[in-house]
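First up is the structure itself, then whatever we jot down about it.
Residue numbers (my numbering): 649 to 788.
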């Protein structure tokens with residue numbers, strides 16, 4: 649699922665990069681296709697990870713809270729870097745035709761990507777709990 653979210657985010661970013669520079673149908677397919685893939689996969693990923701990345705902290709146990717804090721810190725740092733990329737992209741295309749709108753579309757795509765990162769990182773790094781790990785071994 650994490651790979652599908654990243655793939656949808658990359659398609660969304662490609663759509664933002666193609667905004668106003670390619671025929672409108674290319675943008676529409678990339679933008680809405682990326683949104684559907686990323687949103688659908690992110691929704692399923694949140695279910696598979698027990699909604700740790702976006703649920704209330706009071707409903708999580710200590711282990712889940714620790715995983716959530718680790719992931720949130722890393723995803724926040726990556727989001728800051730993505731917003732810096734959006735700023736530099738906006739500065740580079742500022743003098744072009746429709747530069748402001750194109751910069752806003754890229755900032756939107758990068759913001760969506762950044763907000764899905766906590767779920768992606770959690771889904772990628774969360775250990776798969778094996779029921780045998782929790783069984784007590786009795787000495788024989």
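The C-beta atom is built at its ideal place from N, Cα and C for all residues, glycine as well.
| query | Run through DSSP, which three-state label would residue 663 get? | reply | By one-based count along the chain shown, residue 663 stands at place 15. Residue 663 falls in the helix class under three-state DSSP.
| Are there 16 or more other CB atoms within 10 angstroms of the CB of residue 717, so buried, or fewer, so exposed? | Counting from one through the chain shown, the residue named residue 717 turns up at place 69. Classification for residue 717: exposed.
| task | Count the CB pairs spanning the region 748-765 and the region 661-676 that are closer than 8 angstroms, and state whether there are at least three. | result | yes
| query | To the nearest angstrom, how far is it from the Cα of residue 742 to the Cα of residue 696? | reply | Here residue 742 corresponds to residue number 94 of the chain shown, with the count starting at 1. Here residue 696 corresponds to residue number 48 of the chain shown, with the count starting at 1. Their backbone Cα atoms lie some 41 angstroms apart in a straight line.
| query | Taking buried to mean at least 16 other C-beta atoms within 10 Å of its own C-beta, is residue 659 buried or exposed? | reply | Counting from one through the chain shown, the residue named residue 659 turns up at place 11. The residue in question, residue 659, is buried, as its Cβ has 16 or more Cβ neighbours within 10 Å.
| request: Throw me the rounded Cβ distance for the residue 687 and residue 657 pair, which I believe falls under 8 angstroms. | output: By 1-based counting over the chain shown, the position of residue 687 is 39. By 1-based counting over the chain shown, the position of residue 657 is 9. Not really, about 10 angstroms apart at Cβ, beyond 8 angstroms.
| task | For residue 661, I'd like the list of residues in its chain whose CB is within less than 8 angstroms of its CB, leaving aside the five on either flank, ordered along the chain. | result | Taking the first residue of the chain shown as position 1, residue 661 is located at position 13. Once the five neighbours on either side are set aside, the close Cβ partners of residue 661 are 682, 754, 757, 758 and 761.
| task | In angstroms with no decimal places, state the Cα-to-Cα distance between residue 700 and residue 770. | result | Stepping through the chain shown from its first residue, residue 700 is reached at position 52. Stepping through the chain shown from its first residue, residue 770 is reached at position 122. In a straight line, the C-alpha of residue 700 is about 8 angstroms away from that of residue 770.
| query | Closest to residue 689 by CA distance: which of 731, 764 and 747 is it? | reply | Numbered from 1 along the chain shown, position 41 holds the residue referred to as residue 689. The shortest C-alpha separation from residue 689 is found at 764.
| query | Of the choices 673, 698 and 726, whose alpha-carbon is the least far from that of residue 713? | reply | On the chain shown, residue 713 is found 65 positions in, with the first residue counted as 1. Of the candidates 673, 698 and 726, the one whose C-alpha sits nearest the C-alpha of residue 713 is 698.
| message | Could you compute how far the alpha carbon of residue 842 sits from the alpha carbon of residue 745? | response | The first residue shown for the chain is 649 and the last is 788, placing residue 842 beyond what the model contains.
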